[in-house]
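Take a look at the structure set out below.
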Amino acid sequence: MTADLTAAQRDDVTTASPLRSPADGVRPSRWSMTHAQASERSAILLTLLWLGSRALTAATLYVSAMAATGDAKYYFSSLSGLTHGGTLATTFREYPVPVLSVLYPQFAISGNNEQRYLILFCLSMMVVDAFLTAILWRRCGRRIGTAVVFWLVFVPLLGNIAYFRFDLIPGVLVALAILFLAKRPALAAAATAIAAAFKLWPAVLIAVLALSGRRRRIIGAFLATGVGAALLSIVTAGFTRTISPLSWQKDRGLQMESIAATPLMLARRFGPDKLWQVHQSQFTAVEIFGPGVHTAIRITSLLSIVGALVLAWLWFRTRNLGTVPIDLLATLILATILLMVLANKTLSPQYLIWIGAPIAALLALNPNQFVRRAAWTMLLVAALTQYEFPYDYPDIVAGTDGYGLGVLALSLRNALLCWLAYDTCREIFRRTRRPVLVSFGAALPIS
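Here it is in structure tokens:
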């Protein structure tokens, strides 16, 4: 009798659950109605904010005299050449072959019309942007949390760079990997591998993902996805074309916006002698030429080694914790991206998307004091970057920017990025520091 009564009570509880639909003949509770209404209002407000902020982003395109569309125009001309007698072996040699999957569909729809291609490419990137915005909103409990606000502001501050480069895709994929890592590690690994298929750099993140405790599943999913993409590249374009991005990166010069080029750019603008030239190289990048450039390139190689050693040290400290919080892993991912970007001899403006998207994911996981500080720093970095490119870019290249404000903005931007890298590494060090027990005047680590 008691068992029957308990079962009936359980049925009553189940029937009264706010998770059941009104169509099941149960009136929702007052709380569930309020919660549903709040979510609906939040979704409407988010839609309006997103449309307004993205309209502002689009408006900056006219202020910049369409300068931000240069890369998208390059995509179009390369694809047009490919369809008129070109080959995969000579098209987009600086990018992995799978990148064609995110650049060609818009071209096919455009009917070989550049203007239509630019519009379609921009719209496709806006869809990617909207997708991440929605994911962040859901992760913040279906409300406009700190992560959503950051992303809504970050994209307009960075400007149309976000919509006329395909770097938004690998950046968003890494952010999704961070958000999926706790509950769907295989999906997180697959997202990282796909990001690496478009831009090689996310491949280094697998070492960090593997610290989450589900090593076999993560490495298996990453290898299955990555090897599949590599085999497809070899079959369609050949081995030489598959590895061409590596040789392209090795042979290119010192981009004027890189960290190592900053002292030379300052000397060029404010020094008495005009010893340096800045112009586009054969690698479709604006590089600096003159005294000290080869030394600066060697310094980038040294910085890469130092950065790798720092990351290895932080990796082992994190590994020794045993169970590692997901937000700490995300912080280590952020540190990896920052040190990799800062040590490189190239630092294109769109690379900042690689940093901004993981910060948005971190804000969704744990908006602590460090993450909020990183977010504010990144917003300032984005604003300085948009001033430097595209607004003042032609004058910076020519060395005629008024009072050197363009070069100063670029230098301050790079200094802030260096500070952010230091602050991120310091945060990891702080969180991986083992507590000590003071006994008889000696500090003993607690195992």
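First residue of the sequence shown? That's 98 in this note's numbering, and the numbers climb one at a time after it.
All residues carry an ideal CB built from backbone N, CA and C; glycine is no exception.
Quiz item: Mind checking residue 277: buried by the 16 CB within 10 Å criterion, or exposed?
Solution: Locating residue 277 in the sequence shown gives position 180, counting from the first residue. Buried, because 16 or more other Cβ atoms sit within 10 Å of the Cβ of residue 277.
Practice problem: Classify residue 194 as buried or exposed, calling it buried when 16 or more other Cβ atoms lie within 10 Å of its own Cβ. | Solution: Counting from 1 along the sequence shown, the entry for residue 194 is found at position 97. Buried, since its Cβ has 16 or more Cβ neighbours within 10 Å.
Exercise. Would you decide whether residue 398 is buried or exposed? Buried here means 16 or more other CB atoms lie within 10 Å of its CB.
Key: Taking the first residue of the sequence shown as position 1, residue 398 is located at position 301. Residue 398 comes out exposed.
Exercise. Could you tell me the distance, in whole angstroms, from the CA atom of residue 258 to the CA atom of residue 531?
Key: Taking the sequence shown and counting its residues from 1, one reaches residue 258 at position 161. Taking the sequence shown and counting its residues from 1, one reaches residue 531 at position 434. Computed Cα separation, rounded: 42 Å.
Quiz item: Roughly how many angstroms separate the alpha carbons of residue 242 and residue 150, rounded to a whole number?
Solution: Counted from its first residue, the sequence shown places residue 242 at position 145. Counted from its first residue, the sequence shown places residue 150 at position 53. Approximately 16 Å, taken between the alpha carbons.
Exercise. Output yes or no for whether 7 Å exceeds the beta carbon distance between residue 455 and residue 272.
Key: For the purposes of this step, residue 455 is taken as residue 358 along the sequence shown, with counting starting at 1. For the purposes of this step, residue 272 is taken as residue 175 along the sequence shown, with counting starting at 1. It is a contact, given that the beta carbons lie within the stated cut-off.
Quiz prompt | Other residues of its chain near residue 209: CB distance less than 8 Å, five sequence neighbours each side excluded | solution = As a position in the sequence shown, residue 209 is number 112, starting the count at 1. Excluding sequence neighbours, residue 209 sits near 177 and 180.
Quiz item: Which partner residues does residue 376 have in the DSSP bridge list?
Solution: Here the question's residue 376 lines up with position 279 in the sequence shown. Bridge partners of residue 376: 384.
Quiz item: Just the Cα atoms here: how many angstroms apart are residue 525 and residue 371?
Solution: Along the sequence shown, read from residue 1 onward, the residue named residue 525 stands at position 428. Along the sequence shown, read from residue 1 onward, the residue named residue 371 stands at position 274. The straight-line gap from Cα to Cα measures roughly 43 Å.
Quiz prompt | Limits of the alpha helix (DSSP H) - the one that residue 226 falls within | solution = Within the sequence shown, numbered from 1, the residue matching residue 226 stands at position 129. Taken as a continuous stretch (DSSP letters only), the alpha helix (DSSP H) holding residue 226 covers 211-236.
Quiz item: To the nearest angstrom, how far is it from the Cα of residue 420 to the Cα of residue 426?
Solution: Residue mapping note: residue 420 aligns to position 323 of the sequence shown, counting from 1. Residue mapping note: residue 426 aligns to position 329 of the sequence shown, counting from 1. C-alpha separation (whole angstroms): 11 Å.
Quiz item: Where in the stretch 298-344 do unbroken runs of the alpha helix (DSSP H), each at least 4 residues long, occur, reported from the N-terminal end onward?
Solution: 303-306, 312-334 and 336-339
Practice problem: Spatial neighbours of residue 256 within its chain, please: CB distance less than 6 Å, with the 5 preceding and 5 following residues excluded, ordered by chain position. | Solution: What you label residue 256 is simply residue 159 of the sequence shown in a count that begins at 1. Cβ within range, chain order: 157 and 483.
Exercise. Flag this pair as yes or no: are the beta carbons of residue 460 and residue 247 separated by less than 7 Å?
Key: Within the sequence shown, the letter at position 363 stands for residue 460. Within the sequence shown, the letter at position 150 stands for residue 247. For residue 460 and residue 247, yes; Cβs fall inside 7 Å.
Exercise. Determine, using beta-carbon pairs with one atom in the stretch 335-346 and one in the stretch 183-202, whether at least three such pairs fall under 8 Å.
Key: yes
Self-check item: Secondary structure, beta strand (DSSP E): runs of 3+ residues fully inside the stretch 486-524
Solution: none
Quiz item: Are residue 214 and residue 173 close, meaning C-beta to C-beta below 7 Å?
Solution: For the purposes of this step, residue 214 is identified with residue 117 of the sequence shown, where counting begins at 1. For the purposes of this step, residue 173 is identified with residue 76 of the sequence shown, where counting begins at 1. Yes. Within cutoff.
Quiz prompt | Cα-Cα separation, residue 513 to residue 205 | solution = The count along the sequence shown starts at 1 and reaches residue 513 at position 416. The count along the sequence shown starts at 1 and reaches residue 205 at position 108. Those two C-alpha atoms are separated by around 41 Å.
Quiz item: For the candidate residues 496, 502, 423 and 432, whose alpha-carbon lies nearest to that of residue 463?
Solution: Locating residue 463 in the sequence shown gives position 366, where the first residue counts as 1. The shortest Cα separation from residue 463 among 496, 502, 423 and 432 belongs to 423.
Quiz item: When you compare only the Cα positions, how much space is there between residue 132 and residue 503?
Solution: Within the sequence shown, residue 132 is the residue found at index 35, counting from 1. Within the sequence shown, residue 503 is the residue found at index 406, counting from 1. Near 49 Å, if we compare the C-alpha coordinates of residue 503 and residue 132.
Quiz item: So, are the CB atoms of residue 405 and residue 251 less than 7 Å apart?
Solution: Counted from its first residue, the sequence shown places residue 405 at position 308. Counted from its first residue, the sequence shown places residue 251 at position 154. Taking 7 Å as the Cβ cut-off, residue 405 and residue 251 do not qualify as a contacting pair.
Practice problem: Spatial neighbours of residue 283 within its chain, please: CB distance less than 6 Å, with the 5 preceding and 5 following residues excluded, ordered by chain position. | Solution: Counting from 1 along the sequence shown, the entry for residue 283 is found at position 186. Closer than 6 Å at Cβ, skipping near neighbours: 314 and 318.
Quiz item: Distance, Cα to Cα, residue 353 vs residue 268?
Solution: Locating residue 353 in the sequence shown gives position 256, counting from the first residue. Locating residue 268 in the sequence shown gives position 171, counting from the first residue. Cα-Cα distance, rounded: 23 Å.
Quiz item: If you follow the alpha helix (DSSP H) that residue 189 is part of, which residue opens it and which one closes it?
Solution: For the purposes of this step, residue 189 is taken as the residue at position 92 of the sequence shown. Where residue 189 is concerned, there is no enclosing alpha helix (DSSP H), given that its DSSP letter is neither H nor E.
Exercise. Taking only the alpha-carbon atoms, compute the straight-line gap between residue 275 and residue 322 and give it to the nearest angstrom.
Key: In the sequence shown, the residue the question calls residue 275 occupies position 178. In the sequence shown, the residue the question calls residue 322 occupies position 225. Between residue 275 and residue 322, the C-alpha separation is close to 17 Å.
Self-check item: Closest Cα partner of residue 469 within the set 153, 245, 230 and 164
Solution: For the purposes of this step, residue 469 is taken as the residue at position 372 of the sequence shown. Taking only the C-alpha atoms, the option nearest residue 469 is 245.
Quiz item: Per the contact definition of three or more C-beta pairs closer than 8 Å, is the stretch 226-239 in contact with the stretch 134-145?
Solution: yes
Quiz item: If you draw a straight line from the C-alpha of residue 496 to the C-alpha of residue 164, how long is it?
Solution: Position 399 of the sequence shown, counted from the start, is the residue given in the question as residue 496. Position 67 of the sequence shown, counted from the start, is the residue given in the question as residue 164. Computed Cα separation, rounded: 18 Å.
Quiz item: Is residue 280 buried or exposed, if buried means 16 or more other CB atoms sit within 10 Å of its CB?
Solution: As a first step, residue 280 must be located in the sequence shown, where it is residue number 183. Counting Cβ neighbours within 10 Å, residue 280 comes out exposed, since fewer than 16 surround it.
Practice problem: For my contact list, residue 169 and residue 228 are in at a C-beta cut-off of 8 Å; report their separation, rounded to the angstrom. | Solution: Here residue 169 refers to the residue found at position 72 when the sequence shown is read from its first residue. Here residue 228 refers to the residue found at position 131 when the sequence shown is read from its first residue. The pair is not a contact, with the Cβ atoms about 20 Å apart (cut-off 8 Å).
Quiz item: For the putative contact between residue 196 and residue 261, defined by C-beta atoms under 8 Å, what is the C-beta separation to the nearest angstrom?
Solution: Locating residue 196 in the sequence shown gives position 99, where the first residue counts as 1. Locating residue 261 in the sequence shown gives position 164, where the first residue counts as 1. Not a contact, Cβ separation roughly 15 Å.
Quiz item: Going straight from the alpha carbon of residue 358 to that of residue 500, what length do you get?
Solution: By 1-based counting over the sequence shown, the position of residue 358 is 261. By 1-based counting over the sequence shown, the position of residue 500 is 403. If I take the Cα positions, the gap works out to 19 Å.
Quiz prompt | Nearest candidate by alpha-carbon position, reference residue 249, set 311, 476 and 506 | solution = On the sequence shown, position 152 is the one that residue 249 refers to. Here the closest residue by C-alpha is 476.
Quiz prompt | CB of residue 305 within 7 Å of CB of residue 430, strictly | solution = Indexing the sequence shown from 1 puts residue 305 at position 208. Indexing the sequence shown from 1 puts residue 430 at position 333. A contact, by the Cβ cut-off of 7 Å.
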